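Participant: After the structure tokens below, expect a handful of questions from me.
Number of protein chains: 2
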Amino acid sequence: MKTPRATPGTGHLASWARQLERSPLQKLLAQTMQPDVLSLALGLPDLDLFPQAVYLEHLALVLQHDPRALQYGPASEQLKTAIVKLMRERGVRCSEEQIFLTNGAQQGLSLLVHLLLEPGGMVLLEDFVYPGFQQVLAPFQPAILSVPVDRQRGIDVDAVAAILQSGARPAFLYTMSEGHNPLGISLPFETRRQLITLAQRYELPIIEDDAYGLLSYDGPTPPALRGLDEDWVFYVGSFSKTFAPALRAGWLIVPRQFQLHLSVMKEASDIDTATLSQRALASYLGVEDFAAHLERLRTAYRSKRDTLLAALGQHLPSYARWEHPHSGFFVWVELPPALDTTRLFEQALAQNMAFLPSAPFSVTRQARSSLRLNFSHPTHESIWQAIRRLGALLESNEA
Amino acid sequence: MKTPRATPGTGHLASWARQLERSPLQKLLAQTMQPDVLSLALGLPDLDLFPQAVYLEHLALVLQHDPRALQYGPASEQLKTAIVKLMRERGVRCSEEQIFLTNGAQQGLSLLVHLLLEPGGMVLLEDFVYPGFQQVLAPFQPAILSVPVDRQRGIDVDAVAAILQSGARPAFLYTMSEGHNPLGISLPFETRRQLITLAQRYELPIIEDDAYGLLSYDGPTPPALRGLDEDWVFYVGSFSKTFAPALRAGWLIVPRQFQLHLSVMKEASDIDTATLSQRALASYLGVEDFAAHLERLRTAYRSKRDTLLAALGQHLPSYARWEHPHSGFFVWVELPPALDTTRLFEQALAQNMAFLPSAPFSVTRQARSSLRLNFSHPTHESIWQAIRRLGALLESNEA
Chain A
1 MKTPRATPGT GHLASWARQL ERSPLQKLLA QTMQPDVLSL ALGLPDLDLF PQAVYLEHLA
61 LVLQHDPRAL QYGPASEQLK TAIVKLMRER GVRCSEEQIF LTNGAQQGLS LLVHLLLEPG
121 GMVLLEDFVY PGFQQVLAPF QPAILSVPVD RQRGIDVDAV AAILQSGARP AFLYTMSEGH
181 NPLGISLPFE TRRQLITLAQ RYELPIIEDD AYGLLSYDGP TPPALRGLDE DWVFYVGSFS
241 KTFAPALRAG WLIVPRQFQL HLSVMKEASD IDTATLSQRA LASYLGVEDF AAHLERLRTA
301 YRSKRDTLLA ALGQHLPSYA RWEHPHSGFF VWVELPPALD TTRLFEQALA QNMAFLPSAP
361 FSVTRQARSS LRLNFSHPTH ESIWQAIRRL GALLESNEA
Chain B
1 MKTPRATPGT GHLASWARQL ERSPLQKLLA QTMQPDVLSL ALGLPDLDLF PQAVYLEHLA
61 LVLQHDPRAL QYGPASEQLK TAIVKLMRER GVRCSEEQIF LTNGAQQGLS LLVHLLLEPG
121 GMVLLEDFVY PGFQQVLAPF QPAILSVPVD RQRGIDVDAV AAILQSGARP AFLYTMSEGH
181 NPLGISLPFE TRRQLITLAQ RYELPIIEDD AYGLLSYDGP TPPALRGLDE DWVFYVGSFS
241 KTFAPALRAG WLIVPRQFQL HLSVMKEASD IDTATLSQRA LASYLGVEDF AAHLERLRTA
301 YRSKRDTLLA ALGQHLPSYA RWEHPHSGFF VWVELPPALD TTRLFEQALA QNMAFLPSAP
361 FSVTRQARSS LRLNFSHPTH ESIWQAIRRL GALLESNEA
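Here the protein sequences come in this chain order: A and B.
Residue numbering for the first sequence follows this note's numbering, beginning at 1 and increasing consecutively.
Residue numbering for the second sequence follows this note's numbering, beginning at 1 and increasing consecutively.
Structure representation (structure tokens):
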């Protein structure tokens, strides 16, 4: 076979994809999914918590009663109404006209970046960023400004202020106010307020990724950033962690003047039509007690978080540092700078234990001495076993 | 409210979307969907033909027996296997490694364009092109070369040859070999062969949009272009017309070295994970008689096509010209150059009848005297009534 001239490298996204092919992340992830591996690597929800049977009932209701259930059609207004209601739990007031339904949160992030960023433009990130968002950014080859994150107080607001005062005008700041991935941080209310003040003063759009916002474990949380500002915060929500990933049901909350633009952009990328998943989810949310479902999730994940924290306390050497996450799926563990967690990852895998090293999260790829542990997916027993192995591994590295 | 600096116009896709906002197509489409309108405008499948009850059975099977049915997971290998089998009907031999599952054909088109085209690059189109593909192209602001299409013989291969001989090297040619949208043409075998010879000689990638390829009404069809060449043809398939649009189930067939690149690109745009729809469709295709289902569709659509052709023969003035389409959803009607079908569309709407004028399909927007009629969605009775109104309208325009 001749090699087509069309071989990757022709389109600009393709040449970027060729770079990613050489990145180790895909390979890492594949390795952690081997059946024997005790994996605390990925951010998967616990599948025992999916409301599979009840969801099937609503698929049946929709398919049996709506003759247009499988036809092309506009996004579900019923689902938007349910989301408006749900958003009150995040301290966000909005209307149906501001909700834009997406094929999961990832498409929401992608649409917002295409809306706000020019190729080669400038963006403002934290030092550690969800790799899926870095993937969205990569084809734009943006100039990246990054600011430190304190393990307790979160994003360094003074550093953000200094950058904006210096005259830099990034296209947006990307952040997570609740259940930060990978750091597990929930921003204190005061930090949120300061961030919003800066956004308003310097007219800085903020992309708020709130995939974990409804999964908080220690009582009420401060409002989402979107709850503090309607003009500058572009909110990204998702049912992937609170219902199930395979539905691909996410949403944006944006000023209503963006609806049409987003719709045209979505139409070009995959046609802006209601899916059966969205229709069934709308039916479910209209009838079932989603608040009770969320409480079940919180109870289960709180308990797993506590197991992970207990296991870390028992098995990790005293030089390891971590915080107590109030929401989300992750605990971030900092080790001494001499320890390279990418190397440690290989050693852990050899002993059938997996975490994610800090390098893929690090915007500079230079921060190599931390690691991310997931507690949502593994069983309690697996968490104990995995952390025991990790502890032993760290001990053997000292010796 | 202050106007955010982030107002559309910041990102390059956004500024393109702002142009589209002013395009009349969205408005046209909204008007044709009013309940009283006898619409032959859109390319919707007949929803009475959706296998809704059987599909529900397979959703139930998957949800009751696969505990990972709603979890993140790799694309369904079972669905790829079913597609490999199905492709034999289009004269295409391929393997699972060459199938890439997409969120409908539209995402397949979008991914291919991102793979093959640089912003500002050059593309080769026919004079009339599916507007959804023009939407995919628009943000790239490509230089467009276009070639005429003969109502019977299809794409003007000599014109393609002349362009390539002149030294132009477009990133790809986009075409539909079977059930052309909007022209209704099925390419003669000889034309397909000539096109492939040119693609191979000049190393020209071809994007073959085959959304209607399995819906042919007059006996066996020639193989798809992909059946004649494996190196240069990038094939786009879809279950939207043969099963149901709301599943968003499409696929690409590409040389296997592109799999990883497409996966990285899809991961960035909406996460490359199996959806419940794909899993249930795989279950359906593994057990049910899809060939018999396709025969039911062909019988129903053949009969509606014949109704439309009969109605045209009875009600349209003798100056109107159309062909007998062997596949797809559409009949293309040519009227005298003096007639502007965009104006005619407004008049038709006033009488509660709708078609689509030629302008949105015309690459130059200059071809304004033809119109597209859909026969898949309306009832036989609606087709008769609508064409009677169209005939009367044309008569009154003459008077």
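Even for Gly, the Cβ is constructed at its ideal location relative to N, Cα and C.
The model shown is predicted, which means the values in this text are computed figures rather than measured ones.
#1: Closest to Pro-182(B) by C-alpha separation, out of Pro-222(B), Arg-389(B), Ser-382(B) and Phe-375(B), would be which residue?
#2: Put Asp-48(A) into one of helix, strand or coil per three-state DSSP.
#3: In the region 356-374 of chain A, which residues sit with their C-beta less than 8 Å from some C-beta in chain B, listed in chain order?
#4: Grab the span of the alpha helix (DSSP H) containing Asn-352(A) for me, first residue to last.
#5: Report yes or no: do the region 350-362 of chain A and the region 297-306 of chain A share at least 3 C-beta pairs separated by less than 8 Å?
#6: State the Cα-Cα distance for the pair Ala-159(B) and Ile-207(B), rounded to the nearest angstrom.
#7: Would you mind reading off the limits of the alpha helix (DSSP H) that contains Thr-307(B)?
#8: Classify Lys-241(A) as buried or exposed, calling it buried when 16 or more other Cβ atoms lie within 10 Å of its own Cβ.
#9: Return the CA-CA distance between Glu-57(B) and Ser-76(A), expressed in angstroms with no decimal places.
#10: Could you work out which residues of chain B lie near Ser-277(A), taking near to mean beta carbons separated by less than 8 Å?
#11: So, with DSSP's three-state summary, where would you put Thr-175(A)?
#12: Does the distance from the C-beta atom of Gly-120(B) to that of Pro-142(B) stay below 8 Å?
#13: Hey, would you say Ala-105(A) sits closer than 8 Å to Val-236(A), going by beta carbons?
#14: At the level of alpha carbons, what is the spacing between Ala-348(A) and Leu-252(B)?
#15: Return yes when the Cβ of Leu-38(A) is within less than 8 Å of the Cβ of Ser-303(A), no when it is not.
#16: So the alpha helix (DSSP H) Val-264(A) belongs to, where does it begin and stop?
#17: For Pro-35(B), return the contacting residues in chain A, with the cut-off set at a CB-CB distance below 9 Å.
#18: Since Gly-250(A) and Tyr-212(A) are thought to touch, with beta carbons under 8 Å apart, how far apart are those beta carbons, to the nearest angstrom?
#19: Give me the Cα-Cα distance between Glu-97(A) and Leu-42(B), rounded to the nearest whole angstrom.
#20: Determine the chain A residues that contact Val-136(B) at a beta-carbon separation under 7 Å, and present them in chain order.
#21: For Pro-205(B), which three-state DSSP category applies?
#22: Check whether the Cβ of Ile-144(A) lies closer than 8 Å to any Cβ atom in chain B.
#23: Which residue from Trp-322(A), Pro-139(A), Thr-275(A) and Leu-86(A) puts its Cα closest to that of Pro-74(A)?
#24: Rank Ser-370(B), Leu-79(B), Leu-281(B) and Thr-342(B) by C-alpha distance to the C-alpha of Val-54(B) and give the top, closest one.
#25: CA-CA distance, Gln-78(B) and His-65(B)?
#26: I'd like to check one pair, Leu-247(B) with Phe-258(B): are the Cβ atoms closer than 8 Å?
#27: Should Gly-104(A) be flagged as near chain B, meaning a C-beta pair shorter than 8 Å?
#28: Can you find the residues in the same chain that come closer than 8 Å, C-beta to C-beta, to Val-157(A), ignoring five residues on each side of it along the sequence?
#29: Helix, strand or coil, according to DSSP, for Phe-239(A) in the structure here?
#30: Kindly indicate which three-state DSSP category Thr-81(B) falls into: helix, strand or coil?
#31: Quick check: the Cα distance between Pro-131(B) and Trp-322(B), rounded to an integer number of angstroms?
#32: Quick check on DSSP: helix, strand or coil for Glu-323(A)?
#33: Using a Cβ-Cβ cut-off of 8 Å, state whether Pro-67(B) counts as contacting chain A.
#34: Give the range of the beta strand (DSSP E) segment to which Ile-185(B) is assigned.
#35: Do Asp-209(A) and Tyr-174(A) have their CB atoms nearer than 8 Å?
#36: Would you identify the three-state DSSP class for Thr-102(B), choosing helix, strand or coil?
Facilitator: The short version:
#1: Phe-375(B)
#2: helix
#3: none
#4: No alpha helix (DSSP H) contains Asn-352(A), which DSSP labels as neither H nor E.
#5: Judged by pairs of C-beta atoms under 8 Å, the region 350-362 of chain A does not touch the region 297-306 of chain A, as fewer than three such pairs exist.
#6: Cα to Cα, Ala-159(B) sits roughly 18 Å from Ile-207(B).
#7: 290-315
#8: buried
#9: 24 Å
#10: Under the 8 Å cutoff, chain B gives Thr-275, Leu-276 and Ser-277.
#11: strand
#12: The Cβ-Cβ distance between Gly-120(B) and Pro-142(B) falls below 8 Å.
#13: yes
#14: So the two alpha carbons sit approximately 38 Å from each other.
#15: no
#16: 259-270
#17: The contacting residues do not exist; Pro-35(B) stays about 13 Å from chain A at best.
#18: About 13 Å separates the beta carbon of Gly-250(A) from that of Tyr-212(A), a gap too long to meet the 8 Å contact definition.
#19: Distance between the alpha carbons of Glu-97(A) and Leu-42(B) is about 25 Å.
#20: Those within 7 Å of Val-136(B) in chain A are Ala-268.
#21: coil
#22: With 8 Å as the cut-off, Ile-144(A) does not count as an interface residue toward chain B.
#23: Thr-275(A)
#24: Leu-281(B)
#25: Between the alpha carbons of Gln-78(B) and His-65(B) lies a gap of roughly 15 Å.
#26: Contact flag unset, no.
#27: So yes, Gly-104(A) belongs to the interface.
#28: Result list for Val-157(A): Thr-191, Gln-194, Leu-195 and Leu-198, in chain order.
#29: In the structure shown, Phe-239(A) sits in coil (DSSP, three-state: anything other than H, G, I, E or B).
#30: helix
#31: 21 Å
#32: coil
#33: yes
#34: Ile-185(B): not part of any beta strand (DSSP E); DSSP gives it neither H nor E.
#35: yes
#36: strand
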